[in-house]
Each structure stands twice: as structure tokens, then as C-alpha cells.
Amino acid sequence: LILEGALKRALDNGELVCHYQPQVSLSTGRILGLEALVRWQSPEMGLVSPGRFIPVAETSGLIVALGAHVLREACRQYMRWFDQGANPGRMAVNVSGRQLRSGSLVALVKAVLEETGMPPESLELEITETFLVEDLAIVPILSDLKALGVRLSIDDFGTGHSSLARLKDLPVDKLKIDQSFVRGLSEEGDDQAIVRAIVALGGSMGLDVLAEGVETESQRHFLQSLGCEVAQGYLFSRPVAAGDVSLQAVFP
Ligand code: G
Ligand code: G
Ligand code: MN
Ligand code: NA
325 LILEGALKRA
335 LDNGELVCHY
345 QPQVSLSTGR
355 ILGLEALVRW
365 QSPEMGLVSP
375 GRFIPVAETS
385 GLIVALGAHV
395 LREACRQYMR
405 WFDQGANPGR
415 MAVNVSGRQL
425 RSGSLVALVK
435 AVLEETGMPP
445 ESLELEITET
455 FLVEDLAIVP
465 ILSDLKALGV
475 RLSIDDFGTG
485 HSSLARLKDL
495 PVDKLKIDQS
505 FVRGLSEEGD
515 DQAIVRAIVA
525 LGGSMGLDVL
535 AEGVETESQR
545 HFLQSLGCEV
555 AQGYLFSRPV
565 AAGDVSLQAV
575 FP
């Protein structure tokens, strides 16, 4: 059980670190971007997965400070690579529903872009589909974020029951196909049909489509055959510490 007080101290002590997972072009093998995924490097517990503490952060409200820390650290790290002459493509950062509704997200993103020098078009904010359908009031916030020049993507797409009418009204740039659909791709069946439909939907709405959770060559080949351009998953790389990230193409 993770307690709010312990998490707050971890944040204050700099124990929350970002790992990074590449997003790969399926046609060229090149790294198009990285997703920042927070981990708790605890002196007592070792590396703690966000699945265990993000829910605590959400209910306690600590997610707002935690999210600000992750955004700042991811942009700083992006600029470190950039300044070394490496090209990390885009940096994707997860934003929770509570952060979106906090009223301070737009000002935070603006401030972090200014203080780090991060090019706005290289920053992508990932918002889980469930939050996007829950609350109509967030559309103006999304528009304000777009006005800063950043990109928006819908995370876990396919699990949040957004209607096509709703999707049409959201100022987003990318759909991230939830990994639950990618898992079943190797066998004929519903998952193949769902992934095919999402790729077609993205194509016809002018949205990029990324497949999450790609673990096998057969999943990769199926996605390629469908015309899905970008993928992310253990097949290419697990999320790793900044020092262990390779920005080289994963296949020639
Ligand atoms: O990295 P991992 O697969 O263990 O992440 C588990 C969950 O935690 C995922 O749903 C992921 O989106 C979420 N997560 C990881 N990092 C962050 C973050 O910085 N902010 C938010 N809000 N969620 C995150
Ligand atoms: O909710 P979100 O999509 O942000 O979370 C991504 C989560 O998926 C992270 O916890 C990350 O560690 C995990 N992940 C990334 N690639 C793979 C994969 O290929 N297989 C599995 N099982 N999990 C993955
Ligand atoms: Mn994500
Ligand atoms: Na996801």
C-alpha cells in the first residue's frame, strides 16, 4: 500500500524519475519520438511502477505536482539530447484527467516551453480516451493547448467509447491504439478488425495512428500490412532510463 505522504516525500526528494520508450516508424525503423513514463526509484522498495502510485496521486491531488515535475523533466531531457546533436523527434508526456481540469495546465505547459526552450511542435500530450469523453468542458482547454503549438494524442484509444461525433470535435493529432487490441493481432478475429478500423478512421480524419504494446514480429507485420505507420512496444524497446535510450533506427 502506497501512502500519499510517502509519495509526496518521494516527489520532494527527487525519487520520481522518467523512463523513456521509443515510438518507431514501421516503414523506416527510425525513432520518431519518445514517451516519458514516470517511475519511483525508492531507496526502500526499488523501482516502483506507476500503476501502483498514479492512482494514489490522482485521488490525493498530488498528480498536479507530479505531472508538472514529469513534464519539466521530460522537456529538459529532450533539450539535453537536442543540444548534444541527437534528434529525439517528439517527446510524449501523459496528462491525467485531473491535471487537465486543474485549471493550471495551459499556464504550466507555456511556462515549461519557455524555460526549457522546447519546440512546442515537438511536445505531444497524451490524454486517455476515457477522460476525453467524460467531460465536454475540457474542449476549450484542449484548444488553448493547441494554440501553444503542442500536439495532442488520445491514449488507450478504443477503450473509452468515444463517439465519432465527439472525435470530430476534438482538436487532436494522433490516436494511440490501446495495447489490448494489439495483443490479439496474431490471430484472425475481432482485434484485427478493430485495429484495421482504427487505422482507416485515423487516415480518413487526417490523424496519425500509433499502435501500442507491440511485442512480436507477427504483430509488427500485421500492423505494417494495414498501413499503420508508427508503433511502440517491447519488440523495439522497453521504457528505459535516459542514459540507456538509443536513438538509432531499430531496423534498417
Ligand atoms: O509505464 P507503465 O506501463 O508501468 O505505466 C502504467 C500507467 O501509468 C500507464 O497507464 C501510464 O499511462 C501511466 N503513467 C506513466 N507515467 C505517467 C505520468 O507521468 N503521468 C500520468 N498521469 N500517468 C502516467
Ligand atoms: O497508459 P499508457 O499507454 O500511457 O501506458 C503505457 C504502458 O504500457 C506503460 O506502463 C508501458 O510500460 C507499457 N508498455 C509499453 N510497451 C509495452 C509492451 O510492449 N507490452 C506491454 N505489456 N506493456 C507495454
Ligand atoms: Mn501513454
Ligand atoms: Na495506453
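Letter by letter, the sequence shown follows residues 325 to 576 in UniProt numbering.
Here a beta-carbon is modelled for each residue, glycine too, at the ideal position from N, C-alpha and C.
Given the structure is predicted, the values throughout are model-derived calculations rather than measurements.
For the pair Glu553 and Lys498, the Cα-to-Cα distance works out to about 11 Å.
The alpha-carbon of Arg422 is positioned some 31 Å away from that of Ser349. Within the region 429 to 516, the complete beta strand (DSSP E) runs of at least 3 residues fall at 447 to 452, 475 to 481, 498 to 501. Glu397 sits in a helix when the DSSP states are folded into three classes. Judged by DSSP in its simplified three-state form, Arg414 adopts strand.
When secondary structure is reduced to three states using DSSP, Gln345 falls in the strand class. A contact is defined here as three or more CB-CB pairs under 8 Å, and the region 434 to 446 meets this definition with respect to the region 381 to 400.
Ser420 and Asp407 have their C-alpha atoms some 29 Å from each other.
Remark: the shortest separation between the CB of Asn337 and any heavy atom of ligand 3 does not fall under 7 Å.
Within 10 angstroms of the beta-carbon of Thr452 lie 16 or more other beta-carbons, which makes it buried. Cβ atoms of Leu456 and Leu390 stay farther apart than 8 Å, at about 21 Å. With respect to the 8 Å criterion, Ser467 and Pro495 are classified as neighbours on the basis of their beta carbons. If you check the C-beta of Pro563 against ligand 1, you find a heavy atom less than 7 Å away.
The set of residues whose C-beta lies within less than 5 Å of a heavy atom of ligand 1 reads, in chain order, Leu361, Val362, Ser373, Pro374, Gly375, Ile378, Val394, Asn418, Ser420. For Arg363, DSSP records a beta bridge to Val341. Nearest neighbour of Lys470 by Cα position, chosen from Pro444, Gly482, Ser487, turns out to be Pro444. Under the DSSP assignment, Gly370 falls in the beta strand (DSSP E) whose first and last residues are 370 to 372. Bridge pairing for Ile326: absent [DSSP]. Note on Ser561: 16 or more other CB atoms within 10 angstroms of its CB, so buried under the neighbour-count rule.
In this model, Leu472 and Lys434 are separated by some 7 Å (Cα to Cα). The alpha-carbon of Gly557 is positioned some 9 Å away from that of Gln503. With a 10 Å radius around the Cβ and a threshold of 16 neighbouring Cβ atoms, Asp514 comes out exposed. Straight-line spacing of the CA atoms in Ala517 and Leu488 works out to 17 Å. Using a Cβ distance threshold of 8 Å, Ser446 and Met415 count as a contacting pair.
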